[in-house]
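Right, one structure below, let's go through it.
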RNA sequence: CGGGGCGUAGCGCAGUCUGGUAGCGCGACGGUUUUGGGAACCGUAGGCCGGAGGUUCGAAUCCUCUCGCCCCGACCA
């Protein structure tokens, strides 16, 4: 992408309405535009990041055996009456009426709908287990939306639903998602810690919130420091195992949110921090399958009400949470896997023939190599270019200027560390693509 | 929903108390000089002062109503 043509409305000053750093930086970096309280349009840069995050979620869901589908945002109130939640849900649910005065709603979640779809088609235990997901916009009419995308009203969520014949199967499905979530966040370059969550009336120990540590987090969390040293991607036993050992290892360390924290049972040496919830997994048995009649015929010919679980990742919130966890005073520092561009080629002097020639050549080579590259070919002053690049947080900045070219070198800067080195063009290319 | 605050140019703000023909900085546009960390100078454009009523000779400013947004609390990916 050429910056001279890219729709990237960056701001020098921080808009007054933004209080938290992720909101401020997303506005300044030209990623989003608020259209109503808690509702945002995603501009090209933001949309690129959102899609990268969604794609990692998608790949890990697929890898864990879940299947992608897409359910609508608008649902019928009828479905929710079957589960009893239409009355129970309260004002967070946006209720609307169509032209025939039929009661509809903008879905805050999809348990009812997926259960309805499931029961229509699945009749035999032989069809189990099943795990279905979609990545779709949700709406929850929060009393007070705030913190930009951290607590919006409309948000993009990956939600999936597992269906099993028995509790043991449901627990295995749960452990698979537990692993999938750890892998998902690890791949995004962030440390999300699973913390025991309230299971409400269901009871048991099968609900975890996945929390990212960040100073601006909404809730107080407590965990053992050793958590931060675990390497999930290295520990991954694969989905063919029963995952019991893995699950045991990753739930043995203490980690709890404020609500679940119990100083009496907690170890003495505890890390206290602020946390942002980015995912939540939940086993809930027959809470929906029973009232909605999701029943299959078991091996013995008798009907079995299926065991269900649901699993959510706040995809749009993750984007904000990553910024909360990874920024400095100059702007965003994207972890490589979710960065909107891998490298920015900064032509320091756009009207200099040699600078332009080398920049274009580097740009073309990187594109040919399949690298997501942004070329700053604007006729701006160097300071403005550097400031923009730091602001939008591209992991590598490859600066091409007349001073360096005279000596046959370009400057390669790593956004995360600020480390700069002068290299011949080919060496810089190798470093960026390697 | 309770409590607090704010709506004036694209963005950040002053002006409101004490009514008198709307201003500053940044940004945009044109020009000249510049060019390795958000340049300098000259010039230009841009505002029903959120909206509707009212008071007044006269309202951004006072009164009433309304809409929107932000912050603090109870809810949540």
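Numbering (the UniProt record's numbering), first residue to last: 1 to 434. Think of the CB as a built atom: it goes at the ideal place given N, C-alpha and C, for glycine as much as any other residue.
{"query": "Considering only the alpha carbon of each residue, which of 242, 384, 116, 118 lies closest to residue 176?", "result": "242"}
{"query": "If you draw a straight line from the alpha carbon of residue 185 to that of residue 351, how long is it in whole angstroms?", "result": "43 angstroms"}
{"query": "Which full runs of the beta strand (DSSP E) of 3+ residues lie inside the segment 242 to 266, going along the chain?", "result": "255 to 257"}
{"query": "Can you give me the C-alpha to C-alpha distance between residue 271 and residue 229, rounded to a whole angstrom?", "result": "13 angstroms"}
{"query": "Can you give the beta carbon distance from residue 109 to residue 159, rounded, assuming they're within the 8 angstroms contact cut?", "result": "6 angstroms"}
{"query": "List the residues that DSSP assigns as beta-bridge partners of residue 299.", "result": "Answer by DSSP bridge pairing: none, since residue 299 is not bridged."}
{"query": "Check residue 179 in the structure and name its three-state DSSP category.", "result": "helix"}
{"query": "Just verifying my parser: in three-state terms, what is the DSSP assignment at residue 326?", "result": "coil"}
{"query": "In angstroms, rounded to a whole number, what distance separates the CA positions of residue 58 and residue 377?", "result": "34 angstroms"}
{"query": "Grab me the residues of residue 330's own chain with a C-beta within less than 6 angstroms of its C-beta, minus the 5 sequence neighbours each way, in chain order.", "result": "390"}
{"query": "Quick one: what does DSSP say residue 227 is sitting in, helix, strand or coil?", "result": "helix"}
{"query": "Could you tell me the distance, in whole angstroms, from the CA atom of residue 8 to the CA atom of residue 244?", "result": "47 angstroms"}
{"query": "So, under 8 angstroms CB-CB, residue 56 and residue 187 are touching, yes? Tell me the CB distance rounded to an integer number of Å.", "result": "5 angstroms"}
{"query": "At the level of alpha carbons, what is the spacing between residue 17 and residue 234?", "result": "42 angstroms"}
{"query": "Should residue 121 be labelled buried (16 or more other beta-carbon atoms within 10 Å of its own) or exposed?", "result": "exposed"}
{"query": "Name the DSSP bridge partner or partners of residue 155?", "result": "138"}
{"query": "Which residues in the same chain have their Cβ closer than 8 angstroms to the Cβ of residue 239, if we skip the five residues on either side of it in sequence?", "result": "63, 64, 65, 176, 179"}
{"query": "Measuring straight from C-alpha to C-alpha, what distance separates residue 311 and residue 195?", "result": "14 angstroms"}
{"query": "Which residue comes first and which comes last in the alpha helix (DSSP H) that contains residue 364?", "result": "353 to 368"}
{"query": "Between the Cα of residue 138 and those of 60, 317, 163, spot the shortest distance and give me the residue it belongs to.", "result": "317"}
{"query": "Would you kindly work out how many angstroms separate the C-alpha atoms of residue 197 and residue 220, rounded to a whole number?", "result": "13 angstroms"}
{"query": "Which class does residue 20 belong to by DSSP, given the choice of helix, strand or coil?", "result": "coil"}
{"query": "State buried or exposed for residue 61, treating a residue as buried only when at least 16 other CB atoms are found within 10 Å of its CB.", "result": "buried"}
{"query": "Give every residue of the same chain whose Cβ lies closer than 6 angstroms to the Cβ of residue 503, excluding the five residues on either side of it in the sequence, and list them in chain order.", "result": "Here the chain has residues from 1 to 434 only, and residue 503 is not among them."}
{"query": "CA-CA distance, residue 337 and residue 190?", "result": "10 angstroms"}
{"query": "For residue 397, does the count of other Cβ atoms within 10 angstroms reach 16, so buried, or fall short, so exposed?", "result": "buried"}
{"query": "Output the residue ranges of the alpha helix (DSSP H) runs that lie fully inside the segment 93 to 147 and measure 4 residues or longer, sorted by chain position.", "result": "111 to 121"}
{"query": "Are the Cβ atoms of residue 114 and residue 54 separated by less than 8 angstroms?", "result": "no"}
{"query": "May I ask you to verify whether the segment 77 to 95 touches the segment 282 to 292, counting CB pairs closer than 8 angstroms and requiring at least 3?", "result": "yes"}
{"query": "Using the Cα positions of residue 10 and residue 130, report the straight-line distance between them to the nearest angstrom.", "result": "45 angstroms"}
{"query": "Is it buried or exposed for residue 164, if we count other Cβ within 10 angstroms and need 16 for buried?", "result": "buried"}
{"query": "Three or more C-beta pairs closer than 8 angstroms, one from the segment 397 to 406 and one from the segment 23 to 36: is that the case here?", "result": "no"}
{"query": "Considering only the beta carbon of each residue, do residue 147 and residue 23 sit closer than 8 angstroms?", "result": "yes"}
{"query": "Distance, Cα to Cα, residue 381 vs residue 153?", "result": "39 angstroms"}
{"query": "Could you tell me the distance, in whole angstroms, from the CA atom of residue 301 to the CA atom of residue 128?", "result": "15 angstroms"}
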